[in-house]
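As structure tokens, the structure follows; a few thoughts come after it.
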Amino acid sequence: MTSKGSCICTTAAMLVSASWAFADVRFARTVLDRAYRAEGVAVADVNRDGTLDLLTGEVWWEGPSWRMHEVARPGTYDPAKDRSTCYVNHACDVNGDGWVDSIVIGRPGGPCYWFENPGKTPGHWKRHLVCKSACNETPRFVDLFGTGRRVMVFGTDGRMCAFAPPGKAAADWARVVLTAEKAPGAERYGHGLGVGDVNGDGRADLVVTAGWWEAPADRTQTPWAFHKAKLGKPAAQMPVYDVDGDGDADVISSSAHKYGIWWHEQVREGEKISFREHEIARDFSQTHAVCLADINGDGRKDFVTGKRYFAHQGKDPGAREPAVLVWFELQRPAKGTVRFVPHEIDRDSGVGLNFAVADLNADGRPDVATANKKGVHVFLQAAGR
30 MTSKGSCICT
40 TAAMLVSASW
50 AFADVRFART
60 VLDRAYRAEG
70 VAVADVNRDG
80 TLDLLTGEVW
90 WEGPSWRMHE
100 VARPGTYDPA
110 KDRSTCYVNH
120 ACDVNGDGWV
130 DSIVIGRPGG
140 PCYWFENPGK
150 TPGHWKRHLV
160 CKSACNETPR
170 FVDLFGTGRR
180 VMVFGTDGRM
190 CAFAPPGKAA
200 ADWARVVLTA
210 EKAPGAERYG
220 HGLGVGDVNG
230 DGRADLVVTA
240 GWWEAPADRT
250 QTPWAFHKAK
260 LGKPAAQMPV
270 YDVDGDGDAD
280 VISSSAHKYG
290 IWWHEQVREG
300 EKISFREHEI
310 ARDFSQTHAV
320 CLADINGDGR
330 KDFVTGKRYF
340 AHQGKDPGAR
350 EPAVLVWFEL
360 QRPAKGTVRF
370 VPHEIDRDSG
380 VGLNFAVADL
390 NADGRPDVAT
400 ANKKGVHVFL
410 QAAGR
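Structure (structure tokens):
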């Protein structure tokens, strides 16, 4: 039994885990909108009709017809010079009234808000403040404390913090300060943030490109101990996963504004943990968002990424190259060997700062939803096995 207002990790937008492999993975694209709406996407059953919908900042899209509804008065944004009010979007029943609400962060360093779903009452959603300054370009919404409830994790005032939904609209979100001051990655434009059990003690740790914070037995006891490590260039989401199948956790990272995607192999010497970097690809740039998911149902987690088109209005390396969306298939052809095989999903969409992989049409196959300066897109995995 969960408490009122809790945000349970088994609700909408969870990744699909299949017990059999799909022989041929193909995706069919649906363009919901060519307008620049947002850089973030959340997936949830907004109207409680049993079908998953999309949220992209100021609007939400009713599945499966993808009819647009307003959350707030929509702005008009020019991809060549403007920035939308939604960089990151997550969804959760914040106040425990049975209706899914929307959590939105705009430009890094700006406020984090939650928008209260009015249910069957027409009109725009009421906006509430979570935090005045949400830093790091990849805030996470995860079960950090192992309670089955998700919390927002991002930097503020130079520290990494967790914010728990209150359970009632009038209350503030409970803040837990996790780190000491001047925490790496907690700065306004910090790039790269991951959550996962690095040291195998059963507790989720925090990962940034400069190292990782070890979760203590009492996860409210702070500051968490920091371990320096070399985990790549300025990144996006940093999935923590046993890539090579040797029983310990590795880290995947991508270059947010340049070229390069890597996995960082965990190396242990006694109690000392370090990482050995392996390049996966550098065929396209601006991989500013990554989702870990078992795309082909073979029991191994693959990952999806793509170009964040015009992230800096065309000033990044490779900015004018095709806005690709790609999934990388994890293969282990022999014990101790790893191969990532790229599969192109699309060449005219890409990703934003966060996107969603979820079974949107309830057919048992993971689908993809994205939003960025190329518009809002849904990619349904085609039937067949």
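Going by my numbering, 285 is the number at position 256 of the sequence shown; the sequence numbering is gapless. Glycine residues also receive a C-beta, built at the ideal position from the N, C-alpha and C atoms. Treat the numbers as computed from the prediction; the structure is a model and nothing was measured.
The region 294 to 380 is shown to contain whole beta strand (DSSP E) runs of 3 or more residues at 301 to 314, 319 to 322, 331 to 335, 354 to 360, 368 to 375, in chain order. A distance of 8 Å or more separates the beta carbons of GLY138 and THR114. Between the region 386 to 401 and the region 293 to 303, the count of C-beta pairs closer than 8 Å stays below three; the two stretches do not touch. A distance of 8 Å or more separates the beta carbons of LEU321 and TYR288. Each residue's CA atom was taken as its position, placing TRP90 and LEU83 some 5 Å apart. For ALA57, the enclosing beta strand (DSSP E) starts and ends at 56 to 62. Annotation: VAL206 to SER94 spans about 42 Å, alpha carbon to alpha carbon. VAL60 counts as exposed, since fewer than 16 other beta carbons sit within 10 angstroms of its beta carbon.
Scanning its chain for C-beta atoms nearer than 6 Å, with the 5 sequence neighbours on each side dropped, one finds around GLY261 the residues THR238, SER282, TRP291, in chain order. In the structure shown, ARG96 adopts extended strand secondary structure according to DSSP, grouped into three states. When DSSP assignments are scanned along the region 62 to 147, the uninterrupted stretches of beta strand (DSSP E) that are 3 or more residues long and fall wholly within it turn out to be 71 to 73, 82 to 85, 88 to 91, 96 to 99, 117 to 121, 130 to 134, 141 to 145. Nearest to LYS344 by C-alpha distance, out of GLU358, SER314, PHE357, is SER314. Per DSSP, the unbroken beta strand (DSSP E) holding PRO168 starts and ends at 164 to 171. An exposed status is given to THR249, since fewer than 16 other beta-carbon atoms sit within 10 Å of its beta-carbon. According to the DSSP assignment, ARG188 belongs to the beta strand (DSSP E) that extends over 188 to 193. For TRP202, no beta strand (DSSP E) encloses it, and the DSSP letter there is neither H nor E. Going by DSSP, TRP253 is part of no beta strand (DSSP E) at all; its letter is neither H nor E.
In the structure shown, TYR288 falls within a strand segment according to DSSP collapsed to helix, strand and coil. When the beta-carbon positions are compared, VAL72 and LEU81 come within less than 8 Å of each other. Each of LYS364, ASP377, LYS330 was checked against the Cα of PHE339, and the nearest Cα belongs to ASP377. Boundaries of the beta strand (DSSP E) harbouring ASP396: 396 to 401, taken from the DSSP string.
Ranked by how close their Cα comes to the Cα of SER131, the residues CYS121, GLY125, VAL236 have CYS121 in first place.
The C-beta of ARG179 has 16 or more other C-beta atoms within 10 Å across all chains shown, which makes the residue buried.
Of ARG305, LYS161, HIS372, the smallest CA-CA separation from THR185 is found for LYS161. Taken in chain order, the complete beta strand (DSSP E) segments of 3 or more residues contained in the region 234 to 284 are 234 to 237, 240 to 243, 254 to 257, 279 to 283.
Secondary structure of ALA212 (DSSP, three-state): coil.
CA-CA distance, PHE192 to ASP201, rounds to 9 Å.
Residue pairing from DSSP places LYS155 in a beta bridge opposite GLU145. Between ALA310 and HIS286, the alpha-carbon positions lie close to 14 Å from each other.
Your pair LEU382 and VAL88 does not check out as a contact, with CB atoms roughly 17 Å apart and the cut at 8 Å.
DSSP, reduced to helix, strand and coil, places ARG179 outside both helices and strands of the structure shown, so it counts as coil. Where LEU409 is concerned, the enclosing beta strand (DSSP E) starts and stops at 404 to 410.
In the three-state scheme derived from DSSP, where H, G and I count as helix and E and B as strand, THR185 is classed as strand.
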